[in-house]
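Engineer: Residue numbers (my numbering): 958 to 2093. All C-beta atoms, glycine included, are put in the ideal place defined by N, C-alpha and C. None of these values were measured; they are calculated from a predicted model.
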């Protein structure tokens, strides 16, 4: 088959010959014998051997280009190997360090191999191996690693490490410049704030863990019930879990207080689905007369090794003391996973996995310390400044002529110019981040927003990829029945009363016949009536369709107990079976929506257990049906079925419903199904096709014997069972098509539209079915109406993945829909090619994703694109993805608070993302970029003055300003105005929301780049030079006058520069400017040791300072005015 599939369009013979020549040359160059016996690249003879040689062409240009064979080889193969020193300098040292660290960690924490296990009921001591403790640990550090860990996180930044070295150098007398406090006070302040913040976060985590680990559970022992802490539970223990209690570890379900032998659990914290799941107890232990009998039997559970997949489990239950021994196969429906909650009854289970081996812990990743891109960029700039500092010091020592102990002079110069890298940079930025966090939380337009990680608000302004969950994030997870289609007639929300009338008529006719004749089994369509024929047939068809929908499901009606009845039996007697007291529970909200709809039209599901189900007709009559078999929905079969026997007529009917792709081949020929499914899908409805088949008693008996035989087979059980069921799924009568809508959250469409216009690519990662995910992608306008979608075929092998990727590559501008399994295969063999193709798509939808897969996709995007990612979700299953992303946003929703607690930012509605990114993200980044560069300018200007001063005074390594002047300059004199830049804004928030295109500019990082930084450096050199030379030219005969004139002009220049940088004035900015000026003027009276007070009060002093300040600032004002006139920035066009 594979040979017949052409991988590429056929080229012209000449082009092909040329390409072959080049290819031969390429392979001969690559090494002897490499191309000698290599077959033509386009023959796919032996798949496994030649797939490596078949490039996935990355672009259409490759077709026309002869040299495509070189360009399109996977990147890894054509990269030239760097050798020796070049490799070491270009990051090899980093690689070596990390490899050594990983090796040491692996030796220290040698991972135990996970194995399958045999667990004896109630006998933990019989376990052959030691299993991990059942405790939850979310802390980053322990009591010993806290201080070293926090200090490492701080000093791994070049900036902080540099300050530490400079501060320590002040303990050496020969290098001492000024007072110790001028260096240690700012550094100590930064570290104290960081350690305090980390300590508070760590303590909160510790308290949350302690609360969960110390929850008490009842453990069943030979002597009766004892209370144990969650963290003391062991493999093999029999644990009793009450209703609404969290399940502490992974267990096999042995018994329940519910008579039916089944119970419901809530799994929202595990897989993000809010619907309840039905779990079935092991029948052998459920049948035992009393609880204590669990110890009188000799039984064990064989469980597979712990694994990630939360949707599958294989095991067996064996009871050895019966004759013959009882063997029961265990599947996912017999398990109770940790972190789920019991929703009905009391359950008893045997613990099979604890702690790190539970499914929920294996699916969560360790939180990482997130560092913003802006911090990394500033770190790079500080390295550039450091090189400049070293260069300047070397120049000074060279000009001195390397006289005397020159290395000491070099060190002193390094310390003198150390203000080039200002320590206040970290302080200002950290305070700025805190201010942005406070502004976000105080924004009335996004109430309830919480900033949990205060170190990365600027990341919100740099995002390129947004990865979002579906259920509960984009949708409300509330299903509403919208459409019933019978082929010739369609009913919508406004015509449901007609269905009600048809049902009333159909059941009235049946009752008439039942009363009028002894044959109660006469079907309604055979009844003679005066009604016209068409009318009658529609009535009976509607009745059949509604009955099928009311019977074919896994929904159970639940009645809340009245009063505080202790025991279930008493409660059942007191229960209120009225309609108001009934709630429905099912494994999917779609199912509940369908059953609610049948209730609204008059056919009500009143009760259900494992063997029977009761419906109430519009007239109040109760119909009982015996459930003979149920075939649950699976992602492979995409359908579910039920075989029921009507108690009153003994008729056996097989009902089935499922996705149109699965049902189209099962139902009888028709000409409307495909078209109507397409129409409903375009409206964003989730469609289900409902069909039935009547069975005779003989047919059913034959099926049952074959089915039971298949269920007991040890090999290929799933395949054999599916084959037996498929023998029934033939020529079924098509009854109807239903359409259910999952309502979107408020303003999802405009928010997604806004994010798209802002240049953000949106990927939807969901654990839901492919059809559902596609529907929501279309209805939310994630995929626009005009756009094509490419549904990636299920692939299992390398060859299939290769062909499917090539097919996808030929599509242009279409959204990609892929399932988790196919994604896994593609990433295994063609990771780079797949990511490159997917990144070109306007939107990507990944369905059936496990929590770890979601996190893996985030990491892939980070590695392959180098762009900033944001993950947004609302359930426990989104935590890994949220923690892996550069910026994680959690929504407090119906699925609990796990996601919002793990996230960096917590919001209450999806629509708040728009304002969080467009307004707060944008302004945080622009403000921090301006603040960072301004603080650097403040350091550069004083270092330039020091350089000029030293040059004039024979290259002496003497400080220009000493003691308090330096501390004052970095704090009270200039701190407030510079810090007030965090209030600056270029456009109003409303404008930023209206024109999301403004956000697109930020991703290029132009607000803080080497270009803008260079401009600030030139400005600093110009101003520093003018201030110093001006002061020297104008100074009177005393050195004190130079200090007074230059320092006053410097402070005034800084205040004027802030005014020049500000784009929108805030009253606090004006206050900060006046306050700083006031502080400086007031302090002049006390600074006698630095200034000549008599000289300061003269007119000469005032005009000299004014003249220098004007010369240093006026040209910059003129330049800024001209730039705004000649090439205004994009935002200025809006603000004008």
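Going by C-alpha to C-alpha distance, which of 1329, 1563, 1760 sits closest to residue 1413?
Structural biologist: Per the Cα distances, 1329.
Engineer: What is the rounded straight-line gap between the Cα of residue 1841 and the Cα of residue 1693?
Structural biologist: Roughly 45 Å separates the two Cα atoms.
Engineer: Ends of the beta strand (DSSP E) at residue 1650?
Structural biologist: Per DSSP, residue 1650 belongs to the beta strand (DSSP E) from 1643 to 1652.
Engineer: Quick test of your reading: residue 1422 and residue 1877, contact by CB under 8 Å. State the CB separation rounded to the nearest angstrom.
Structural biologist: Rounded, the Cβ-Cβ distance is 19 Å, inconsistent with contact.
Engineer: Please determine, among 1126, 1641, 1564, 1588, the residue with the shortest C-alpha to C-alpha distance to residue 1432.
Structural biologist: Of 1126, 1641, 1564, 1588, the residue nearest in Cα terms is 1641.
Engineer: Assign residue 1517 to one of two classes, buried (16 or more other C-beta atoms within 10 Å of its C-beta) or exposed (fewer than that).
Structural biologist: Label assigned to residue 1517: exposed.
Engineer: In the DSSP output, which residue or residues are listed as bridge partners for residue 1992?
Structural biologist: DSSP lists no partner for residue 1992.
Engineer: Roughly how many angstroms separate the alpha carbons of residue 2029 and residue 1923, rounded to a whole number?
Structural biologist: Rounded to whole angstroms, residue 2029 to residue 1923 spans 20 Å at the Cα level.
Engineer: Based on DSSP bridge pairs, tell me the residues matched to residue 1539.
Structural biologist: Partner(s): 1516.
Engineer: Spatial neighbours of residue 1561 within its chain, please: C-beta separation below 6 Å, excluding the five flanking residues on both sides.
Structural biologist: Same-chain partners within the cutoff: 1573.
Engineer: Please state if the CB of residue 1223 and the CB of residue 1254 are separated by a distance shorter than 8 Å.
Structural biologist: Contact flag unset, no.
Engineer: Can you tell me the Cα-Cα spacing of residue 2087 and residue 1959, whole angstroms?
Structural biologist: Going by the C-alpha atoms only, they are around 12 Å apart.
Engineer: Which residues does DSSP list as the beta-bridge partners of residue 1256?
Structural biologist: 1276, per the DSSP bridge assignment.
Engineer: Mind listing, in chain order, the continuous alpha helix (DSSP H) runs of no fewer than 4 residues lying wholly within the region 1927 to 1982?
Structural biologist: With a minimum length of 4 residues, the continuous alpha helix (DSSP H) runs that stay inside the region 1927 to 1982 are 1932 to 1936, 1946 to 1951, 1954 to 1959.
Engineer: Thinking just about the alpha-carbon of each residue, which of 1885, 1451, 1832 is nearest to the one in residue 1859?
Structural biologist: Among 1885, 1451, 1832, the Cα nearest to that of residue 1859 is on 1832.
Engineer: Roughly how many whole angstroms lie between the Cα atoms of residue 1962 and residue 1884?
Structural biologist: Their backbone Cα atoms lie some 13 Å apart in a straight line.
Engineer: Are the beta-carbon atoms belonging to residue 1089 and residue 1311 less than 8 Å from one another?
Structural biologist: Yes, the pair counts as a contact, with Cβ atoms nearer than the cut-off.
Engineer: State the Cα-Cα distance for the pair residue 1673 and residue 1590, rounded to the nearest angstrom.
Structural biologist: Near 19 Å, if we compare the C-alpha coordinates of residue 1590 and residue 1673.
Engineer: Which residues mark the beginning and the end of the beta strand (DSSP E) in which residue 1077 is found?
Structural biologist: Start and end: 1074 to 1077.
Engineer: Given this structure, state the Cα-to-Cα distance separating residue 1286 from residue 1271, to the nearest angstrom.
Structural biologist: The straight-line gap from Cα to Cα measures roughly 8 Å.
Engineer: Looking at the secondary structure, which residues open and close the alpha helix (DSSP H) in which residue 1109 lies?
Structural biologist: Note, residue 1109: alpha helix (DSSP H), 1103 to 1112.
Engineer: Using DSSP bridges, identify the partner residues of residue 1698.
Structural biologist: Residue 1698 is bridged to 1437.
Engineer: Verify whether the separation of the beta carbon atoms of residue 1210 and residue 1148 is less than 8 Å.
Structural biologist: No, the pair does not count as a contact, with Cβ atoms beyond the cut-off.
Engineer: Buried or exposed, going by whether 16 or more other CB atoms sit within 10 Å of the CB of residue 2021?
Structural biologist: With fewer than 16 Cβ atoms within 10 Å of its Cβ, residue 2021 is classed as exposed.
Engineer: Which of the three DSSP states, helix, strand or coil, is assigned to residue 1299?
Structural biologist: Correct three-state label for residue 1299: strand.
Engineer: Starting from the N-terminal side, write out each stretch of the alpha helix (DSSP H) that is 4 residues or longer and does not extend beyond the region 1695 to 1782.
Structural biologist: DSSP runs (the alpha helix (DSSP H)) wholly in the region 1695 to 1782: 1705 to 1714, 1727 to 1736, 1755 to 1766.
Engineer: For residue 1682, I'd like the list of residues in its chain whose CB is within less than 6 Å of its CB, leaving aside the five on either flank, ordered along the chain.
Structural biologist: The answer, listed in chain order, is 1588.
Engineer: Rounding to the nearest angstrom, what Cα-Cα distance links residue 1662 and residue 1680 in this structure?
Structural biologist: Rounded to whole angstroms, residue 1662 to residue 1680 spans 14 Å at the Cα level.
Engineer: Under the DSSP definition of a beta bridge, which residues are partnered with residue 1586?
Structural biologist: Residue 1586 pairs with 1600.
Engineer: Going by beta-carbon coordinates alone, are residue 1802 and residue 1772 separated by less than 8 Å?
Structural biologist: Result yes, Cβ atoms of residue 1802 and residue 1772 sit closer than 8 Å.
Engineer: Quick check on the burial criterion: 16 or more other C-beta atoms within 10 angstroms. Buried or exposed for residue 1769?
Structural biologist: By the 10 Å Cβ count, residue 1769 comes out exposed.
Engineer: How many whole angstroms separate the CB atoms of residue 1544 and residue 1234, which I take to be in contact at a CB cut-off of 8 Å?
Structural biologist: With 8 Å as the limit, residue 1544 and residue 1234 qualify as a contact, their Cβ atoms being about 5 Å apart.
Engineer: Contact check, residue 1609 vs residue 1657 under 8 Å by CB: the rounded distance?
Structural biologist: 5 Å between Cβ atoms; contact.
Engineer: Once you ignore the five residues that flank residue 1677 on each side, which residues in its own chain have a CB closer than 6 Å to its CB?
Structural biologist: Hits under 6 Å: 1667, 1670.
Engineer: Suppose you measure from the CA of residue 1169 to the CA of residue 1207; what does that come to, to the nearest Å?
Structural biologist: Taking the straight line from one Cα to the other gives about 15 Å.
Engineer: Express the C-alpha separation of residue 1098 and residue 1165 in angstroms, rounding to a whole number.
Structural biologist: Their backbone Cα atoms lie some 15 Å apart in a straight line.
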